[in-house]
Structures are given as structure tokens and as C-alpha cells.
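Taking it in order: structure first as C-alpha cells, then the write-up.
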Amino acid sequence: MGKPAKAVKVQLSTIVDRRNKIAHEADMDPTNPGYRWPINPKVVQEALDFVDSVVAAIFKVAT
């Protein structure tokens, strides 16, 4: 992937943490009751692109 393994793990962990907030906590910000954590299309696209690159790297190794 061109990134150190630790950097990949950190980025995946960040994506998983956010996914869990969305899925299990309704994405609510506990420091600001009644409001969700902020998110924008750029952050979403970056996460999608990163996950796509991880999948492509796994596929390349597996085939």
C-alpha cells in the first residue's frame, strides 16, 4: 500500500471507531447532547478511498 503497517492500522482503527459510533451510539456527541458528531463528504470519501485501497491490496496478495 505504500504506507507503514502502523499507519494503516491507525487509519483502519479510526474508521472502525467512527463506524461504531454511528451504528451503536446513533453518532451522538456526548459532549454536546442532542447533536451528532460532525461529518462531511470529504471525510467520507477519504475513508471510502482508503478502505478500497486496503481491499485492493488484500486482493493482490490473495490472488
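For what it's worth, our numbering labels the leading residue of the sequence shown as 10, then goes sequentially.
From the three backbone atoms N, C-alpha and C, an ideal C-beta is built for every residue, glycine too.
Please read all numbers here as calculations on a predicted model, not as lab measurements.
Item, Value
"Less than 7 Å separating the beta-carbons of ARG28 and ASP36?", "no"
"Suppose you measure from the CA of PRO39 to the CA of LYS30; what does that come to, to the nearest Å?", "11 Å"
"What is the C-beta distance between GLN20 and PHE59, in whole angstroms, given that I count them as a contact (C-beta under 8 Å)?", "6 Å"
"I'd like to check one pair, ALA56 with MET10: are the Cβ atoms closer than 7 Å?", "no"
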